[in-house]
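Enquirer: Chains as they are written, first to last, in UniProt numbering: chain L, 1 to 473; chain S, 1 to 473; chain B, 1 to 473. Cβ coordinates follow ideal geometry from the N, Cα and C atoms, glycine included. First the structure, then my questions, so here it is.
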């Protein structure tokens, strides 16, 4: 027996070594693998449950806060989107940045100015006192004259389109916080990098001191998402490129504690802009120089989405829906995204429907609602209340219905198609109304009278349904 | 030595515990991983062998049968398609359903009526006796009047286009079984959900009693594929939405034993339709209200693919090919799919060729053929007979050739592009004919005379080649 | 204690068996898994370091050499491209082949003739002495007359577009080696097979004797990449298809030692071609027979990219850039690729910039440069010299800058979009110049004077910057 022991020991050594090796690489690999499996399932929209949620991370900056939803949440993986909310204090500036995926921004509160640097487009805003000769700008008595690309006024209720790769900034020139909710379409064709939110900043950076509620892991994640790409460059190379003293570059690359939203020094930023009233009416005609300019430079990038007079769907007893799609805001065709704003009166219902060609990301701007979503597995994946500030995804083809609470319900929905099509079960444009009565009667084993009621009881409503007792005609 | 034992035991315990833990999670993970690897290889079209196949699963319904090919078969994973065959008994109705991927249907036998609910399109079929005032429909003496969207007559030989997300139904109003073969393009841009066949039914459901030949696993798979999304909704919510008594909804949601194809009660369904002859000639002009209507509402959704007079390729001694592509059937441009029907005379050959921009899914409608397919690995992946009722995939760029058997060969091929381009090696449009003789002579080390024969021996034929001894001119 | 031993032995046996089983399947699986993880990371462009590289593999043929870059290199996985360099000896022919992904070719040296077989397009080049009656070609006194599709003259500096699936060949009719650098866009929509380079040859094949420097693994990889798809076909089937004696087919399918580039027998290939001068001026108008013909048959497939007179960007002190994009070479719109050629004078700088919508594959054609690339992680992923013959990728949105060496720097860059847009940090079209001075001042905490310098110091330059001391005006 004792002779067996050395053999046993040998085997044990072999086992220990292989097991350990496997354990180490395996453990890591398995964890990664589990995550990958889960992520793959989510990205394929095999979803058991939708969970409306609030932002889970926040980045505190000098001039405001950036709040991010957990982009690894199943519902966001399914829709291939990432959502965040920026809160910019008055007289503060969200620093210039760009992203590999297109972004739609809804201005929930406040007002501000947004600028986008579109390469190849002319600087069409000029200050009056400048005299440009041979392209050089002369200053008078220390006052800078300037010229730059168009600056866009944005106000509460606006939807703003930011194409992939375009550097943009936002300045809060109002008296209250500017709150902006953004959704990036990571699965968009424009994004040739990974399915993950990335913002490349030209200035600013992470604050050294994080709020104590965050784990180091979360901090790491934020660092991955937001990056200053200007600082990494060799200072001499940059000095040469900009034809500036290296000390200036060094200051530009310096790390500071301001984060990604900064307070503007002095009494606020002066900027060349036409009178507001003019601007809202103007039809600016710039010189057209080439195809790209025609294509991009003069495209409208914002639309007021909260104008009752321009509602696309309106029911006196139930509310209204406004669309911003490729037909209204042409830039959306290039971005393949769109949005809708819904205002439901108390207890009104959004008809059960499915969106045929897009995922929808709902953000509750006011009030609350009871929502039911039925998934691709034929099971209810959500059946509960949603309330202000929450965000949830209704994947393509999932059937959903919403019933406003006692104080009404307002939402903005971001969609992953520039021409989304909704197919409702109820109302004037419903799938059932399009079918012969006998098809319905035989499908559901109901009488032809009942089938007729099924088709026509709501025939005067579209999408938005008032309470039953407010039954029309 | 004895002292070593406790140490050995400790180590063993450690090993046992870690091994077990790994074994459990690992086993599962590894199995999944093996499947994933295999699936990934198949999806990348690294295929060793193509295997023409019959459907492997069947769902029995009251009014017919749904037969499904195994969508996890390598060839279907490569092409990103799923295939099924519906057999609908006379006076039976395939219940309304929609799918996240576009579908082409070939009517192999029989005739029927197909309806599609396209949201936003008008109900353009009205029964004569109705008087619509303020939108309400009045009935006379208990007879329902009705209005609904266009109903399409389909007959043997038709190809029918069903866009993603459009609810549709099919009624067999003929005297024989209606047999319809469908291919869904799961990889299509329209599908933002997973690469898996899914049909969302508005009515009907799985029968409780399955045929005994099916494993529980297969039953589970079928359940995943076909889902009733109407039943999951809260009955009160639905009653409210439809403005119907809750008892009606309850009946509509009731599980029954009818499956997905149901027998129509009474002597058949009456439906508003123009005279058949009229319809086949009509050029219906509806009011155009908006872009979407123009885009979708009036598009033709079917084409007769078996008309010898409209053959695109015809060789007196060899047969004919009819195409349904984006140029002939405009809706296919939106779906990025197309089809072709081939009728080969006995022993005629389909020239060796590759399809430059699409996978092709062949379904044998009649006869048999000898098929050779050469894969991306330069090896023959198929070299054998195919017979009626079998389905096989020829992936993009794989070179294939078919020789009809003694009774001829008929097929329908579904393609994953709306403008598929075939590049044949032989005949009027062949790759070799486009090359200078000296390029061929030097490529193959043959004489210029032989190269000339290579180019011109078949110059009067295109795609379809008669037997050698029927050599033309 | 001794009693414990059998128990221990049992456990050990269990452990050994499970561990072995796991070891075997696991080892393989884990290796594959590690590779997959790494590949996934690379494909998502989570790149730590870019490494400019030379080709790592070569295939020796009778008439030249095919050199391939390692397509599994992270940078190529990220961009989804594969690169190779063909060197064709004078009077040698690169054999007809096609690929599932579109390809751009830059002619680095020499001249040649390229033919493409586009199915459905007419043979528009006819030899004078032929008399075509009923389509048959008569020969006079043993001299072959011929007709074939257009043959394209290509010369050093040309960029050539080869669409997916189009069979093409190239003949070096000059006196020096023809060197052609090709990039295939594997991620292109046109490619429905795997993300891997594949060339399907109609003739030729691997040489039996490989150079001794290659591992069997490398040889295997090459075999996977380049395949003869003609040889696998049944010889009788082919004889029947081509209506040729089976002995001819047998010779055509015969394996030989010539590889994929072959020496032309005799004193060179005669080919029908217009006078060169004519051709370079001609505007060929063929009969238009259908949409496809209009679409493909008459499209220009080459553009001279090295013409100083047609430079798109030119700075007297710094150099020039020529573009070949969808606006200039329409076929690129169908292929969604483009190219640019840059010629930088000694010590000139290419401004720091990011490409908004495409990956860029740089190939150094002459000279050297110092390159800095900053990645999506905010870190420098490359900061070193690149020299002639090296290839490197700048992924979408990564910010890069290049400074030419003392002998200047010339490159050709292949891009994965037909309309690539570059956003520079410096110069006339820069992101900073588009922003108000105060935005810059506040972003970087610099004075308004410094911000003004930042905007305007380089305002007269676009993309290409001369040395600082050659400061303009």
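Cα-Cα, which of 313(B), 124(B), 344(B) is closest to residue 298(B)?
Expert: 124(B)
Enquirer: Is the beta carbon of residue 167(B) sitting closer than 8 Å to the one on residue 202(B)?
Expert: Yes.
Enquirer: On a CA-only basis, which of 120(S), 33(S), 232(S) is nearest residue 432(L)? Give me that one, please.
Expert: 120(S)
Enquirer: Helix, strand or coil for residue 429(L), going by three-state DSSP, please let me know.
Expert: coil
Enquirer: Relative to the alpha-carbon of residue 362(B), which residue among 84(B), 326(B), 101(B) has its alpha-carbon at the smallest distance?
Expert: 84(B)
Enquirer: For residue 410(B), tell me which candidate among 308(B), 230(B), 232(B) has the shortest Cα-Cα distance.
Expert: Nearest option by C-alpha distance: 308(B).
Enquirer: By a C-beta neighbour count over all protein chains shown, 10 Å radius and 16 as the cutoff for buried, is residue 400(L) buried or exposed?
Expert: buried
Enquirer: Output yes if chain C places a C-beta closer than 8 Å to the C-beta of residue 465(B); else output no.
Expert: No chain C appears in this structure, whose protein chains are L, S and B.
Enquirer: Listing by chain order, which chain L residues have their CB less than 7 Å from the CB of residue 148(S)?
Expert: Correct list: 434, 435, 436.
Enquirer: For residue 303(S), which residues in the same chain have their Cβ closer than 8 Å to its Cβ, ignoring the five residues on either side in sequence?
Expert: The residues are 158, 159, 324, 328, 329.
Enquirer: DSSP on residue 171(L), reduced to helix/strand/coil?
Expert: strand
Enquirer: Which same chain residues end up closer than 7 Å to residue 475(B) when comparing Cβ atoms and leaving out the 5 residues on each side of it in sequence?
Expert: Absent from the model: residue 475(B). The displayed extent of chain B is 1 to 473, so no value can be given.
Enquirer: By the 9 Å beta-carbon criterion, what residues does the stretch 399-422 of chain S contribute toward chain B?
Expert: Under the 9 Å Cβ criterion, the stretch 399-422 of chain S contributes 399, 401, 403, 416, 417, 419, 421, 422.
Enquirer: If you count every other CB in all the chains shown that lies within 10 Å of the CB of residue 430(B), and 16 or more means buried, which is it?
Expert: buried
Enquirer: Of all Cβ atoms in chain L, is any one closer than 8 Å to the Cβ of residue 117(S)?
Expert: yes
Enquirer: Do you know how far the Cα of residue 67(L) is from the Cα of residue 440(L)?
Expert: 48 Å
Enquirer: Which class does residue 116(S) belong to by DSSP, given the choice of helix, strand or coil?
Expert: Three-state result, residue 116(S): strand.
Enquirer: What separation, rounded to the nearest whole angstrom, lies between the Cα atoms of residue 259(B) and residue 62(B)?
Expert: Using only the alpha carbons, I get a separation of about 6 Å.
Enquirer: Using the rule of at least 16 other Cβ atoms within 10 Å of the residue's Cβ for burial, across every protein chain shown, is residue 250(B) buried or exposed?
Expert: exposed
Enquirer: Tell me the DSSP secondary structure of residue 273(B) in three-state form.
Expert: DSSP places residue 273(B) in coil when its eight states are reduced to three.
Enquirer: Identify whether residue 92(B) lies in helix, strand or coil by the three-state DSSP scheme.
Expert: strand
Enquirer: So, are the CB atoms of residue 104(B) and residue 180(B) less than 8 Å apart?
Expert: no
Enquirer: Scan the stretch 284-357 of chain B and note each continuous beta strand (DSSP E) run of 3 residues or more that stays entirely inside, going in chain order.
Expert: 302-304, 313-315, 319-324, 338-344, 349-355
Enquirer: To the nearest angstrom, how far is the alpha carbon of residue 467(B) from that of residue 442(B)?
Expert: Residue 467(B) and residue 442(B): Cα-Cα distance of roughly 29 Å.
Enquirer: Reducing DSSP to helix, strand and coil, say where residue 196(B) ends up.
Expert: coil
Enquirer: For residue 374(L), which residues in chain S fall below 7 Å Cβ to Cβ?
Expert: 229, 232, 233
Enquirer: Skipping 5 residues on each side, what residues in its chain have a beta carbon closer than 8 Å to that of residue 279(L)?
Expert: In this prediction, residue 279(L) scores a pLDDT of 43, lower than 50, which makes its location untrustworthy; the coordinate-derived value is nonetheless stated afterwards. Only 153, 273 meet the Cβ criterion.
Enquirer: Residue 96(B) touches chain S at which residues, Cβ-Cβ below 9 Å?
Expert: Under the 9 Å cutoff, chain S gives 431, 432, 435, 439, 440, 443.
Enquirer: With H, G and I counted as helix, E and B as strand and the rest as coil, what does DSSP make of residue 141(L)?
Expert: Reliability fails at residue 141(L), whose pLDDT of 43 lies under 50, so the model's placement of it is uncertain and the value that follows must be treated cautiously. Of the three classes helix, strand and coil, the one that applies to residue 141(L) here is coil, per DSSP.
Enquirer: Note down, in chain order, each residue of its chain lying with its Cβ closer than 7 Å to the Cβ of residue 290(L), except the 5 sequence neighbours on either side.
Expert: At residue 290(L) the pLDDT is 44, less than 50, meaning the model places this residue with poor confidence and gives no usable figure here.
Enquirer: Quick one: Cα of residue 78(B) to Cα of residue 417(B), how far?
Expert: 15 Å
Enquirer: Out of 46(B), 55(B), 453(B), point me to the one whose CA is closest to residue 380(B)'s CA.
Expert: 46(B)
Enquirer: Report the three-state DSSP secondary structure of residue 280(B) (helix, strand or coil).
Expert: Confidence in residue 280(B) is poor, its pLDDT being 44 and thus under 50, which makes the residue's placement unreliable; the coordinate value appears in the next sentence. Per DSSP, reduced to three states, the secondary structure at residue 280(B) is helical.
Enquirer: Could you tell me the boundaries of the beta strand (DSSP E) in which residue 410(B) lies?
Expert: 399-415
Enquirer: Let me know if residue 71(B) comes out buried or exposed under the rule of 16 or more other beta-carbons within 10 Å of its beta-carbon.
Expert: buried
Enquirer: Are the CB atoms of residue 313(S) and residue 464(S) within a distance shorter than 8 Å?
Expert: Yes; because the gap between Cβ atoms is below 8 Å, this pair is in contact.
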